[in-house]
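Using my numbering, the first residue of the sequence shown is number 346, and each one after it goes up by one.
The structure appears right after this line, and notes come after that.
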Amino acid sequence: MNYYDGKMLDFVQKRQVERIKFMENLGRNVLPQQVKRIQQNDKMVMKDLVLPGWLDWDLLYEWSMRRKVIDNPRECILCNEKAELGVDFNMKFLCEACFFKIKGM
Ligand SMILES: [Zn+2]
């Protein structure tokens with residue numbers, strides 16, 4: 346499991362709903378230009394963003410790398426719907442909705 350999935354799972358287990366929601370909405374708060382800078386490992390971008398203390402660089406970086414696959418929706422192994430956002434479990438794709446369903450939220 347990568348760092349991002351590990352963190353998200355951690356938030357789910359600790360019922361840190363605010364953090365999960367923040368990560369879900371992050372795409373709306375970060376400009377495409379800024380996403381690009383994050384992907385380029387340009388930590389100066391942190392100055393332009395208002396982020397909570399728990400959101401560390403590694404999490405932000407992995408989040409930005411995930412944004413790349415958004416142009417390429419994948420099929421969820423559970424509901425067979427094409428989805429943009431989700432998690433990888435053992436190389437299989439699970440959409441966000443199914444992920445949270447499984448985690449009992
Ligand atoms: Zn699904």
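We put the CB at the ideal spot given by N, CA and C, even for glycine.
Please read all numbers here as calculations on a predicted model, not as lab measurements.
Answer yes or no: the CB of residue i versus the heavy atoms of ligand 1, is any distance below 8 Å?
i	result
G431	yes
L354	no
E369	no
L439	yes
L396	no
L405	no
E363	no
L453	The question about residue 453 has no answer here: the residues shown for the chain are numbered 346 through 450.
L400	no
Taking 9 Å as the cut-off, decide whether the C-beta atoms of residue i and residue j are in contact.
i	j	result
M452	W402	Because the chain in this structure spans residues 346 to 450, residue 452 falls outside the shown range and cannot be described.
I422	K446	no
L394	V375	yes
E441	E363	no
Counting Cβ pairs closer than 8 Å, one from the segment 383-400 and one from the segment 429-442, do we hit at least three?
no
Could I get the ranges of all uninterrupted beta strand (DSSP E) runs contained in the segment 364-447, with 3 residues as the minimum, in chain order?
431-434 and 437-440
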